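**Q** I have a structure I would like to understand better, so I am pasting it below and will then ask my questions one at a time.
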Amino acid sequence: MILSVASGKGGTGKTLIATSLALSLKGRGKVQLLDCDVEEPNAHIFLKPVISGSEEVLIPVPHVDENTCTRCGKCAEVCAYHAIAVFGEYVLTFPELCHGCGACSYLCPEKAISEEGRESGIVEWGHSDTIEFAHGRLNIGEAMAPPVIRKVKELAHDNGTIIIDAPPGTSCPVVESVRGSDFCLLVTEPTPFGLNDLELAVETMKELDIPCGIVLNRAGFSDDKVEAYCRKENIPILLTIPLDTEIARLYSRGVTLAEGLPEWREGFVELYGKIWEIVDERSRCPQR
Amino acid sequence: MKEVVVLSGKGGTGKTSIVGSFAALAKNKVLADCDVDAADLHLLLNPELKDEHDFWSGEVAVIDPEKCTQCGLCQEICRFSAIDNYTVDASSCEGCGFCSRICPPEAITMKERYSGQWFISATRYGPLVHARLGIGQENSGKLVATVRQQAKQLAETQGIDLIISDGPPGIGCPVISSLSGASLALLVTEPTLSGIHDLERVLGVCRHFSVPALVCVNKSDINEENTHHIEKYCLEQGTEIAARIPFDNTVTEAMIHGKPIVEYSHNGVAHHIEKLWEKITGTLAG
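Chains A and B supply the protein sequences, listed in that same order. For the first sequence, numbering that gives the first Met the number 0 gives the first residue as 0, with consecutive numbering after it. For the second sequence, numbering that gives the first Met the number 0 gives the first residue as 0, with consecutive numbering after it.
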């Protein structure tokens with residue numbers, strides 16, 4: 000089962016939930032955690048994995064053989080990202096704009112364009128106790144997270160439980176992270192910002208046809224509008240975590256709930272059970 | 000024209016609450032919400048919508064099943080795995096147009112992609128430019144660029160010389176788009192290991208784009224040891240800490256009441272934010 004943890008709003012506790020869940024499932028089959036928040040990966044802070052391997056993420060960018068090139072301008076015409084241009088005798092490439100689609104090299108009439116890899120990030124993998132771990136890191140100054148996310152997801156196992164820690168927001172890095180998941184846990188907090196961004200995240204999951212459930216974090220202090228919204232939308236609240244200074248303190252030191260407050264382990268195992276039931280039921284009677 | 004952008008790396012450190020207070024404190028300014036995929040600033044500023052525009056950006060491939068001979072070439076060459084079973088998955092398509100150029104029966108056309116909306120609103124604090132990225136859309140960086148450009152235009156026509164932007168979390172495309180060319184970045188962090196890790200990366204991005212930065216440690220008393228660590232780190236980096244704001248529940252209370260903190264309460268937090276804004280105006284005046 001592939002289970003994503005996403006949120007809309009940042010800082011609601013995605014990483015705390017993802018890592019605590021992973022640790023709570025110890026002894027219940029193979030568990031792999033993929034940190035797909037490649038702009039600001041934090042899961043390693045909580046899991047402290049032993050890294051056993053790494054690989055650069057390379058974007059295939061054009062390299063023009065100036066001797067073969069006739070300056071016909073076909074490459075510039077076909078590039079949707081303005082990453083290659085011909086000015087008189089000069090052919091200029093802008094590698095940081097290139098998405099690596101390969102159109103220029105394929106369509107060059109003289110076959111003057113080859114591709115070379117440009118590093119935009121790195122993926123690392125290893126393990127933390129019995130949990131298999133992988134994450135990606137976008138290089139500073141790089142704009143495009145999706146290629147790094149794709150590379151992290153290539154490291155996913157074929158079986159067992161895969162937990163994906165997604166980035167905040169609702170745009171392409173989130174879609175890339177949660178795509179193909181059997182279920183998405185949306186972590187929110189009972190505040191106007193939390194609710195506003197939860198609604199956006201729910202819309203995103205609907206669009207992708209991924210069933211979702213809610214973890215309500217820092218509960219008890221604020222209004223009950225998130226609960227009312229979930230009732231109206233028929234989205235289950237699967238776990239509620241109270242606003243608690245002890246939890247905040249543990250979090251600040253990079254300690255999961257599973258380790259810092261082990262009594263929470265059972266709650267996470269139950270959470271997993273509920274998700275499994277929803278996914279199982281859905282697989283028996285597909286809605287579409 | 001001066002432009003301050005508030006960033007954080009890590010989400011949920013308090014960017015929007017702080018920008019909401021700046022809106023109340025700063026005199027003549029245009030406000031810009033550059034967090035286009037999870038915009039929240041409007042929840043504090045009670046905007047009245049004045050102007051609304053669709054945002055079209057990039058393209059998406061569409062296969063005409065009547066013309067498609069199912070040769071499979073498009074699926075083979077697509078680097079983004081966006082075509083399966085002779086159908087384009089719009090959420091995977093990056094709009095490169097490669098497939099449309101090589102399809103033998105010319106069954107693929109590129110259609111303009113609806114990517115969201117942007118708005119100009121009036122608030123009692125001044126004009127606000129904000130946006131909503133279409134669900135799951137890419138090109139958030141271009142929408143951010145549009146928001147900033149509109150904010151600049153508005154400021155110019157109204158003779159305003161300050162823009163305050165609420166930025167997105169992370170360090171990627173929309174952050175770069177919010178940051179490049181700004182006069183000053185305020186980096187809001189929190190004394191957690193995640194907050195510190197993410198601050199280091201977003202400070203790196205400010206360096207990369209040569210934008211000077213100030214740091215604000217929010218909820219500074221939840222872990223004093225980590226706060227000291229941030230102070231030491233900033234000292235080493237030559238980056239000034241402009242404020243330490245202790246944790247206070249009134250920040251959330253103000254949010255629930257839909258008000259900037261400095262208008263909701265006159266307690267310690269409000270005072271710290273007032274001092275922070277003074278510091279920023281001093282830095283901008285240089």
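Where a beta carbon is used, it is the ideal one built from N, C-alpha and C, also for glycine. Quantities reported herein were computed from a predicted structural model and do not represent experimental measurements.
#1: To the nearest angstrom, how far is it from the Cα of Leu213/B to the Cα of Phe45/A?
#2: I need the straight-line Cα distance from Ala23/B to His129/B, nearest angstrom please.
#3: Looking at the structure shown, is Phe97/B part of a helix, part of a strand, or coil, going by DSSP?
#4: Is Cys70/B close to chain A, meaning its C-beta is less than 7 Å from at least one C-beta of that chain?
#5: In chain order, what residues of the stretch 194-222 of chain B put their CB closer than 7 Å to some CB of chain A?
#6: What ranges does the alpha helix (DSSP H) occupy inside the stretch 98-156 of chain B, keeping only unbroken runs of at least 4 residues that lie completely in it?
#7: Given this structure, state the Cα-to-Cα distance separating Arg264/A from Arg217/A, to the nearest angstrom.
#8: Whose C-beta lies closer than 6 Å to the C-beta of Phe79/B among residues of the same chain, with five residues either side of it excluded?
#9: Between the stretch 210-224 of chain A and chain B, which residues of the former have a C-beta closer than 7 Å to a C-beta of the latter?
#10: Which residues does DSSP list as the beta-bridge partners of Val59/B?
#11: Report yes or no: is there a C-beta of chain B within less than 7 Å of the C-beta of Asn41/A?
#12: Expressed to the nearest angstrom, what Euclidean distance is found between the alpha-carbon atoms of Arg287/A and Asn233/A?
#13: Whether or not the stretch 5-24 of chain A and the stretch 192-204 of chain A are in contact is what I'm after, with contact meaning three or more pairs of Cβ atoms, one per stretch, closer than 8 Å; do they touch?
#14: Leu153/B: buried (16+ other C-beta within 10 angstroms of its C-beta) or exposed?
#15: Measure how close the beta-carbons of Val35/B and Val59/B come, nearest whole angstrom, since I'm counting them as under 8 Å.
#16: Closest to Thr187/A by C-alpha separation, out of Ile274/A, Leu215/A, Val85/A, His98/A, would be which residue?
#17: Quick one: which chain A residues come within Cβ less than 9 Å of Gln136/B?
#18: Determine, for Tyr228/A, whether the minimum Cβ-Cβ distance to residues of chain B falls below 7 Å.
#19: Taking Cβ positions, are Val278/A and Phe192/A nearer each other than 7 Å?
#20: Report all residues from its chain with a CB closer than 7 Å to the CB of Pro108/A; omit the five preceding and five following residues, and keep chain order.
#21: Please list the segments of the alpha helix (DSSP H) lying wholly inside the stretch 146-192 of chain A, counting only runs of 4 or more residues, in order along the chain.
#22: With a cut-off of 8 Å, do at least 3 Cβ pairs link the stretch 245-258 of chain B to the stretch 205-221 of chain B?
#23: Determine the burial state of Met0/B: buried for a count of at least 16 other Cβ atoms within 10 Å of its Cβ, exposed for fewer.
#24: Compare the beta carbon distance of Gly253/A and Leu198/B with 7 Å and say whether it is the shorter of the two.
#25: Kindly list the residues whose CB is nearer than 6 Å to the CB of Ala144/A, restricted to its own chain and excluding five residues on each side of it in sequence; keep chain order.
#26: Report back the beta-carbon spacing between Pro259/B and Leu40/B to the nearest angstrom; my notes put them in contact at under 8 Å.
#27: Tell me which same chain residues have a C-beta within less than 7 Å of the C-beta of Cys73/B, skipping the five on either side of it?
#28: Can you tell me whether Tyr113/B is buried or exposed? The criterion is at least 16 other CB atoms within 10 Å of its CB, across all chains shown.
#29: How far does the beta strand (DSSP E) with Asn217/B in it extend, from its first residue to its last?
#30: Contact check, Val268/A vs Leu24/A under 8 Å by CB: the rounded distance?
#31: I need the boundaries of the alpha helix (DSSP H) containing Tyr89/A, first residue and last residue.
#32: When you compare the CB of Ala253/B with every CB in chain A, is at least one pair closer than 7 Å?
#33: Figure out for me which residue from Val90/A, Ala82/A, His134/A, Glu88/A has the closest Cα to the Cα of Cys100/A.
#34: Within 7 Å of any Cβ in chain B, is that where the Cβ of Cys97/A sits?
#35: Just to confirm, is the Cβ distance from Leu6/B to Ala184/B under 7 Å?
#36: Could you tell me whether the Cβ of Thr160/A comes closer than 7 Å to any Cβ of chain B?
**A** Straight from the coordinates:
#1: Locating residue 213/B in the second sequence gives position 214, counting from the first residue. Locating residue 45/A in the first sequence gives position 46, counting from the first residue. C-alpha separation (whole angstroms): 28 Å.
#2: Taking the first residue of the second sequence as position 1, residue 23/B is located at position 24. Taking the first residue of the second sequence as position 1, residue 129/B is located at position 130. Approximately 17 Å between the Cα atoms of the pair.
#3: Your numbering for residue 97/B matches position 98 in the second sequence. In the structure shown, Phe97/B sits in a helix (DSSP, three-state: H, G or I).
#4: In the second sequence, counting from the first residue as 1, residue 70/B sits at position 71. Answer no: the Cβ-Cβ gap between Cys70/B and chain A never drops below 7 Å.
#5: His196, Asp197, Arg200, Gly203, Val204, His207, Ile221, Asn222
#6: 139-156
#7: Taking the first residue of the first sequence as 1, we reach residue 264/A at position 265. Taking the first residue of the first sequence as 1, we reach residue 217/A at position 218. Each residue's Cα considered, the two are about 18 Å apart.
#8: Locating residue 79/B in the second sequence gives position 80, counting from the first residue. Cβ within range, chain order: Ser91, Glu93.
#9: Phe220, Ser221, Asp222
#10: Counting from 1 along the second sequence, the entry for residue 59/B is found at position 60. Paired residue(s): Lys110/B.
#11: Position 42 of the first sequence holds residue 41/A. Answer yes: the Cβ-Cβ gap between Asn41/A and chain B drops below 7 Å somewhere.
#12: Within the first sequence, residue 287/A is the residue found at index 288, counting from 1. Within the first sequence, residue 233/A is the residue found at index 234, counting from 1. Caution is warranted here: a pLDDT of 48 is assigned to Arg287/A, below 50, making its placement in the model unreliable, and no coordinate value can be reported.
#13: yes
#14: If you number the second sequence from 1, residue 153/B lands on position 154. Result: buried.
#15: Indexing the second sequence from 1 puts residue 35/B at position 36. Indexing the second sequence from 1 puts residue 59/B at position 60. Wrong, their Cβ atoms sit about 19 Å apart, outside the cutoff.
#16: To locate residue 187/A, count along the first sequence from 1; it is residue 188. Closest option to Thr187/A, Cα to Cα, is Leu215/A.
#17: Taking the first residue of the second sequence as 1, we reach residue 136/B at position 137. Those are Thr169, Ser170, Cys171, Val174, listed as they occur along chain A.
#18: Residue numbering aside, residue 228/A sits at position 229 when the first sequence is read from its first letter. No, Tyr228/A lies away from the interface with chain B (no Cβ there is under 7 Å from its Cβ).
#19: In the first sequence, residue 278/A corresponds to position 279, counting from 1. In the first sequence, residue 192/A corresponds to position 193, counting from 1. Not a contact, by the Cβ cut-off of 7 Å.
#20: Residue 108/A sits at position 109 when you count from the first residue of the first sequence. Taken in chain order, the residues that qualify are Cys71, Lys73.
#21: 171-177
#22: yes
#23: To locate residue 0/B, count along the second sequence from 1; it is residue 1. Result: exposed.
#24: Residue numbering aside, residue 253/A sits at position 254 when the first sequence is read from its first letter. Residue numbering aside, residue 198/B sits at position 199 when the second sequence is read from its first letter. Going by C-beta atoms, Gly253/A is not nearer than 7 Å to Leu198/B.
#25: Along the first sequence, read from residue 1 onward, the residue named residue 144/A stands at position 145. Taken in chain order, the residues that qualify are Val37, Glu38, Leu137, Pro172.
#26: Position 260 of the second sequence, counted from the first residue, corresponds to residue 259/B. Position 41 of the second sequence, counted from the first residue, corresponds to residue 40/B. Pro259/B to Leu40/B, Cβ: 10 Å. No contact.
#27: Walking along the second sequence from the start, residue 73/B turns up at place 74. The answer, listed in chain order, is Ile82, Cys98, Cys102, Ile107.
#28: Reading the second sequence from its first residue, position 114 is the one you call residue 113/B. So Tyr113/B counts as exposed.
#29: Counted from its first residue, the second sequence places residue 217/B at position 218. Looking at the DSSP string, the run of the beta strand (DSSP E) that includes Asn217/B is 212-217.
#30: Indexing the first sequence from 1 puts residue 268/A at position 269. Indexing the first sequence from 1 puts residue 24/A at position 25. Contact holds; Cβ gap of about 7 Å.
#31: Here residue 89/A corresponds to residue number 90 of the first sequence, with the count starting at 1. Premise fails: Tyr89/A lies in the beta strand (DSSP E), 89-92, not in any alpha helix (DSSP H).
#32: The sequence position of residue 253/B within the second sequence is 254, counting from 1. It does not; no Cβ of chain A falls within 7 Å.
#33: The residue you call residue 100/A lines up with position 101 of the first sequence. Ranking Val90/A, Ala82/A, His134/A, Glu88/A by Cα distance to Cys100/A puts Ala82/A first.
#34: By 1-based counting over the first sequence, the position of residue 97/A is 98. It does not: the Cβ of Cys97/A has no partner Cβ on chain B nearer than 7 Å.
#35: Residue numbering aside, residue 6/B sits at position 7 when the second sequence is read from its first letter. Residue numbering aside, residue 184/B sits at position 185 when the second sequence is read from its first letter. In this structure, Ala184/B lies closer than 7 Å to Leu6/B by Cβ.
#36: For the purposes of this step, residue 160/A is taken as residue 161 along the first sequence, with counting starting at 1. It does not: the Cβ of Thr160/A has no partner Cβ on chain B nearer than 7 Å.
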